[in-house]
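Participant: By our numbering, the letter at position 78 of the sequence shown is numbered 78, and the numbering carries on one by one without gaps. Have a look at this one.
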Amino acid sequence: MADLLNRNPGVADIGDDYESKYGFHDPEDLLLKGSKGLSHDVVEMISRLKKEPEWMRTYRHEALNIFLSKPMPKWGDTALLNSIDFDDIYYYIRPEENKG
Numbered sequence: 001m002a003d004l005l006n007r008n009p010g011v012a013d014i015g016d017d018y019e020s021k022y023g024f025h026d027p028e029d030l031l032l033k034g035s036k037g038l039s040h041d042v043v044e045m046i047s048r049l050k051k052e053p054e055w056m057r058t059y060r061h062e063a064l065n066i067f068l069s070k071p072m073p074k075w076g077d078t079a080l081l082n083s084i085d086f087d088d089i090y091y092y093i094r095p096e097e098n099k100g
């Protein structure tokens, strides 16, 4: 890695102004943005909005229970995995209709 930085010094400071150069800046134009986090209330909202049958809603709730009961893996990049904040993610957004 040090050899790579010596050959291309620009790689060392690639993050200095990354956001201003490469950041995504289109405005969000959404019809609906659910709340952050994954819960049974969010599952209900998604299922209701998608007009899913009862069996699908039940299946989704069971899947969420399994997900919530599982520990984070102890292999791989555990620091990276443990840094995921599942409560800071929007699991459902609906873009503006008739656009695209």
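Where a beta carbon is used, it is the ideal one built from N, C-alpha and C, also for glycine.
(1) Terminal residues of the continuous alpha helix (DSSP H) containing F67?
(2) Which stretch, first to last residue, makes up the alpha helix (DSSP H) that contains M72?
(3) L64: which of H40, E19 and Y90 sits nearest, CA to CA?
(4) Using C-beta distances below 8 angstroms, list every residue in its chain close to L80, excluding the 5 sequence neighbours before and after it, in chain order.
(5) DSSP state of I93, grouped into three classes?
(6) Does the beta carbon of M72 sit closer than 9 angstroms to a beta carbon anywhere in chain D?
(7) Hey, quick one: how far does the alpha helix (DSSP H) through S83 stretch, first residue to last?
Facilitator: Well, looking at it:
(1) F67 -> alpha helix (DSSP H) spans E54 to S69.
(2) It is not in any alpha helix (DSSP H) - M72 carries neither H nor E in the DSSP assignment.
(3) Closest option to L64, Cα to Cα, is H40.
(4) Answer for L80: no residue qualifies.
(5) I93: strand per DSSP, three-state reduction.
(6) Among the protein chains of the structure shown there is no chain D, as only one such chain exists.
(7) Premise fails: S83 is in no alpha helix (DSSP H) and is neither H nor E.
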